[in-house]
Amino acid sequence: MITFDRVSKRYEEGHDALREVSVHINRDELVFLTGHSGAGKSTLLRLIMLMDRPSRGQVTIDGQDLALVRARSIPQHRRNIGVVFQNHQLLFDRTVFDNVALPLIIAGCEHREAGRRVRAALDKVGLLNRERAMPITLSGGEQQRVGIARAVVGKPKILLADEPTGNLDPALSAEIMDLFEEFNQVGVTVLIASHDLVLISRLHHRIITLREGSLVSGSVS
Amino acid sequence: MINRRETARHKEGASLSRTGLRDRYFAWVQHHRLSAADSLARLLEHPGSSILTWLVIGIALALPVCLSVALDNVAKVSARWDSPAQISLFLQDEVAVDRARQLEVELGVRKDVSETRFISREQALDEFRTLSGFADVLASLKENPLPDLILVTPVATLDGPAVSALRTELQGNSDVAEAVLDMEWLERLNSLMELGRRLVLAVGGMLVIGVLLILGNTIRLAIESRRDEIVIVKLVGGSNSFVRRPFLYTGLWYGVGGGVLAAVVVTSALWFLEEPIGELATLYESAFHLSGLGVMGALNLVILGGILGLAGAWLAVSRHLVYIEPR
Chain F
1001 MITFDRVSKR YEEGHDALRE VSVHINRDEL VFLTGHSGAG KSTLLRLIML MDRPSRGQVT
1061 IDGQDLALVR ARSIPQHRRN IGVVFQNHQL LFDRTVFDNV ALPLIIAGCE HREAGRRVRA
1121 ALDKVGLLNR ERAMPITLSG GEQQRVGIAR AVVGKPKILL ADEPTGNLDP ALSAEIMDLF
1181 EEFNQVGVTV LIASHDLVLI SRLHHRIITL REGSLVSGSV S
Chain S
3 MINRRETARH KEGASLSRTG LRDRYFAWVQ HHRLSAADSL ARLLEHPGSS ILTWLVIGIA
63 LALPVCLSVA LDNVAKVSAR WDSPAQISLF LQDEVAVDRA RQLEVELGVR KDVSETRFIS
123 REQALDEFRT LSGFADVLAS LKENPLPDLI LVTPVATLDG PAVSALRTEL QGNSDVAEAV
183 LDMEWLERLN SLMELGRRLV LAVGGMLVIG VLLILGNTIR LAIESRRDEI VIVKLVGGSN
243 SFVRRPFLYT GLWYGVGGGV LAAVVVTSAL WFLEEPIGEL ATLYESAFHL SGLGVMGALN
303 LVILGGILGL AGAWLAVSRH LVYIEPR
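If you read the protein sequences in the order shown, they are chains F and S. Note that the first sequence covers residues 1001 to 1221 in this note's numbering. Note that the second sequence covers residues 3 to 329 in this note's numbering.
Shown next, in the form of structure tokens:
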């Protein structure tokens, strides 16, 4: 589903964020991506999202060589990928419902259908009763669950998460990870960047480890 | 028959691509409606600053429009004295009144003359006395200094050179002391009006550029204040046109509001001037009254405002939106 073939990323200031990384993630797999900060986890996710282009090598998503995706097709590419951020990236002047509905409005989903899917997603993350609330009134864990609902509402094939439990206590973190596992079980390919080794080593999924931009372990399942 | 065709179409419509296209169209329309309503709501959320922007645009648009309305009115006045200008024939002192009357009739039957009017020296003096306010001075004069006068109006189809030729011909008449063609002031007025028109264009052009820059800057600020939102929308797959849309509507609302205010400003300025101008017209025994913008004029102003708003927003959006990318 996601293939990196000898991918390197060097930023303009000369810093090598990724060096010759080759990794393959299968359809329906849940994979953790770990390493110290600056090891290249975020860069790897950014390349999948086409927020950056690799300096060398090839990234393939669902059979599509990303080098061939032109700038104007990037939005379409991003609609097929759900993303969860450490800092949630919610719109604080919109309700929970509107936040979750955003990807559907962008994709041009029909109004009633959108409402149905937003409620289904909110139900899934246990926030159905908060749909009219403003995000600021929610706790950190709830905000993160709104972020997850927004990521999955468009039924993407791939779900990326960048430090989704970064600001949460262990109990909440475990709940969030449970959610990701549930999505994985219904056929979503999940890639989670996290440095919470204690938490992720308990979950028995493949762990890809990066160190200073190079792959240390976990290249194949 | 129609029903069957309808059913067939419904069946086809169930196929994915067609429903998809239809849904996408409805979604597109829906997002336009949403963006339009949302942009307007945002403007009304901060009525103070919005009204200021509307006023700036309104006044900037009203100024050249006021000038142009004034010019139109002057043109309307001057049109009455256009090319078939009058030729004033001042008669020799020794010409008797009977001979003058005869001349009036002779000239009146010419093909190139539409109208003649004889004004005797006594009539002229009376008129001058009542109108000029020099009654006392005139009363002290021993004899009437004014000559007899025949006003000759050429037919409307005669152009400038032909009227000039007519004047030269009439000047040759032995009873005529002097034939004067009152064209010079009209030419001066016309060239002044041409100057005025250019001035309106120049001022209007500058103010239009000013309005564009003001709108561009306002929209730029709106973009800056929603930078985080733009980043998030782009992250979850919003295209540039999706992100652009609300800002274009913001520009449109600013422009339309400005246009409405401009129409209000122009109309109230005219209303303010109407009474004194009416009095002035009465003094000059004229039926002239000020013509305003009219419904079409006001509508055009609002449309112009809307176009300027869109253009200004487009300017800002195309410059600033591209640089806001998820980092």
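The beta-carbon is built from N, C-alpha and C at its ideal position, and this holds for glycine as well.
For a contact defined as C-beta to C-beta under 9 Å, what are the partners of residue i on chain F?
i                      : result
residue 239 of chain S : 1074, 1075, 1076, 1077, 1078, 1079, 1080, 1081, 1103, 1106, 1107, 1154
Please compile the residues from chain S whose C-beta is within a distance smaller than 8 Å of the C-beta of residue i.
i                       : result
residue 1150 of chain F : 238
Indicate the three-state DSSP secondary structure (helix, strand or coil) for residue i in the structure shown.
i                       : result
residue 2 of chain S    : Outside the shown range of chain S (3 to 329) lies residue 2 of chain S, about which nothing can therefore be said.
residue 1076 of chain F : helix
residue 1206 of chain F : strand
residue 1034 of chain F : strand
residue 1043 of chain F : helix
residue 156 of chain S  : strand
residue 226 of chain S  : helix
residue 97 of chain S   : coil
residue 131 of chain S  : helix
residue 220 of chain S  : helix
residue 293 of chain S  : coil
residue 1155 of chain F : coil
residue 1010 of chain F : strand
residue 1020 of chain F : strand
residue 1064 of chain F : strand
residue 317 of chain S  : helix
residue 11 of chain S   : Confidence at residue 11 of chain S is low in this model, with a pLDDT of 40, below 50, so the placement of that residue should be treated as unreliable; the coordinate-derived value is given next. Residue state, collapsed to three classes: helix.
For residue i, which residues in chain S fall below 7 Å Cβ to Cβ?
i                       : result
residue 1064 of chain F : None at all; the shortest Cβ gap to chain S is about 15 Å.
For residue i, count neighbouring C-beta atoms within 10 Å of its own C-beta (all shown protein chains included) and say buried if the count is 16 or more, exposed if not.
i                       : result
residue 1046 of chain F : buried
residue 1156 of chain F : buried
residue 1036 of chain F : exposed
residue 1162 of chain F : buried
residue 1202 of chain F : exposed
residue 47 of chain S   : exposed
residue 93 of chain S   : buried
residue 1089 of chain F : buried
residue 43 of chain S   : exposed
residue 297 of chain S  : exposed
residue 1150 of chain F : buried
residue 1 of chain S    : The displayed coordinates of chain S run from 3 to 329. Any statement about residue 1 of chain S would go beyond what the structure contains.
residue 1026 of chain F : exposed
residue 1196 of chain F : buried
residue 1099 of chain F : buried
residue 1070 of chain F : exposed
residue 1228 of chain F : The first residue shown for chain F is 1001 and the last is 1221, placing residue 1228 of chain F beyond what the model contains.
residue 28 of chain S   : exposed
residue 1041 of chain F : buried
Report the option in the options whose CA atom is closest to the CA atom of residue i.
i                       : options                        : result
residue 1012 of chain F : F/1033, F/1026, F/1039, F/1052 : F/1052
residue 188 of chain S  : S/258, S/318, S/76             : S/76
residue 280 of chain S  : S/233, S/290, S/137            : S/290
residue 1200 of chain F : F/1122, F/1005, F/1215, F/1170 : F/1170
residue 154 of chain S  : S/100, S/105, S/225            : S/105
residue 1059 of chain F : F/1147, F/1218, F/1070, F/1004 : F/1004
residue 308 of chain S  : S/127, S/144, S/217            : S/217
residue 1057 of chain F : F/1044, F/1104, F/1008, F/1025 : F/1008
residue 110 of chain S  : S/230, S/38, S/89              : S/89
residue 304 of chain S  : S/267, S/295, S/258, S/285     : S/258
residue 1029 of chain F : F/1198, F/1211, F/1217, F/1181 : F/1181
residue 150 of chain S  : S/245, S/225, S/181, S/158     : S/181
residue 1102 of chain F : S/286, S/36, S/267             : S/36
residue 270 of chain S  : S/300, S/59, S/222, S/284      : S/300
residue 1095 of chain F : F/1205, F/1147, F/1172         : F/1147
residue 302 of chain S  : S/274, S/51, S/260             : S/260
residue 2 of chain S    : F/1084, F/1129, F/1017         : Beyond the ends of chain S as shown, which are 3 and 329, falls residue 2 of chain S; an answer cannot be given.
residue 98 of chain S   : S/146, S/262, S/177            : S/177
residue 1183 of chain F : F/1158, F/1020, F/1204         : F/1158
residue 1033 of chain F : F/1191, F/1212, F/1204         : F/1191
residue 277 of chain S  : S/292, S/266, S/263            : S/292
residue 127 of chain S  : S/114, S/213, S/175, S/142     : S/142
Name the chain S residues whose beta carbon is nearer than 9 Å to that of residue i?
i                       : result
residue 1143 of chain F : Ordered by position in chain S, no residue passes the 9 Å Cβ test against residue 1143 of chain F, which lies about 13 Å from the chain.
residue 1110 of chain F : 25, 28, 29, 32
Can you pull the chain F neighbours of residue i, defined as C-beta to C-beta under 7 Å?
i                      : result
residue 328 of chain S : 1051
residue 234 of chain S : 1089, 1091
residue 226 of chain S : Going along chain F, no residue has its Cβ under 7 Å from residue 226 of chain S, so there is no contact; the nearest lies around 15 Å.
residue 231 of chain S : 1091
For residue i, which residues in chain F fall below 8 Å Cβ to Cβ?
i                      : result
residue 244 of chain S : 1075, 1106
Pairing CB atoms from the stretch 310-328 of chain S with CB atoms from the stretch 243-253 of chain S, are three or more of them under 8 Å?
yes
Three CB pairs or more closer than 8 Å across the stretch 1142-1162 of chain F and the stretch 62-71 of chain S
no
Contact the stretch 227-242 of chain S vs the stretch 1066-1078 of chain F: 3+ CB pairs below 8 Å:
yes
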